[in-house]
Amino acid sequence: LGGAFVGHLLLHLLCLEVLVPMLDLPPPVASDQPFSQCAARQPVSWFSANPVHCLRSRHIYGHAPPHTYHVAGKEHLARPNPEIGAFFTMKAASVENP
Numbered sequence: 240l241g242g243a244f245v246g247h248l249l250l251h252l253l254c255l256e257v258l259v260p261m262l263d264l265p266p267p268v269a270s271d272q273p274f275s276q277c278a279a280r281q282p283v284s285w286f287s288a289n290p291v292h293c294l295r296s297r298h299i300y301g302h303a304p305p306h307t308y309h310v311a312g313k314e315h316l317a318r319p320n321p322e323i324g325a326f327f328t329m330k331a332a333s334v335e336n337p
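Numbering follows our numbering, in which position 25 of the sequence shown is assigned residue number 264; successive positions increment by one, without gaps.
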């Protein structure tokens, strides 16, 4: 069992050392935009995707409004609060009458 582990480890390291450099991926490019501009366009951020952060914002820090937990399809419920880094806002979709 130990030999299988060592063999797997060596194979993994070989792939990292030989195959990954062959992919020749471009380095990531840093953006010049501030977080506030990016967060105003994107409904999900590390803060809104972290349920513990959202609960702490509401119950411990007492932010008004607190960070809203991101749920796909419910982006219109997010309320902006620039003091805590919540910048995204969206109008609710209108309901069509049949």
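Just so you know, even glycine gets a beta-carbon here, dropped at the ideal spot from N, CA and C.
Chain-order list of residues whose beta-carbon lies under 7 Å from that of residue i (same chain, five-residue window excluded)
| i | result |
| --- | --- |
| Val292 | Before going further, note that residue 292 is His rather than Val in the sequence given. Within the same chain, His292 has close Cβ partners Phe286, His306. |
| Ser296 | His302, Pro305, His306, Ile323 |
Nearest-angstrom Cβ-Cβ length linking residue i and residue j, presumed shorter than 8 Å
| i | j | result |
| --- | --- | --- |
| Met329 | Ala311 | Actually they do not touch by this definition, with Cβ atoms about 13 Å apart. |
| His315 | Ala288 | With 8 Å as the limit, His315 and Ala288 do not qualify as a contact, their Cβ atoms being about 17 Å apart. |
| Ile323 | His298 | Going by Cβ atoms, the distance from Ile323 to His298 rounds to 14 Å, so no, they are not a contact pair. |
| Val283 | His309 | 4 Å |
| Ala278 | Phe326 | 4 Å |
Closer than 7 Å: residue i CB and nearest the ligand GTP heavy atom
| i | result |
| --- | --- |
| Gly312 | Among the components modelled here there is no ligand, and therefore nothing to report on the ligand GTP. |
Under the three-state DSSP convention, the category residue i falls into
| i | result |
| --- | --- |
| Ala243 | helix |
| Ala279 | helix |
Residue i versus the options, residue with shortest Cα-Cα distance
| i | options | result |
| --- | --- | --- |
| Gln276 | Asn336, Pro265, Pro319 | Pro319 |
Contact set for residue i: own chain, Cβ-Cβ below 6 Å, skip 5 residues either direction
| i | result |
| --- | --- |
| Leu240 | none |
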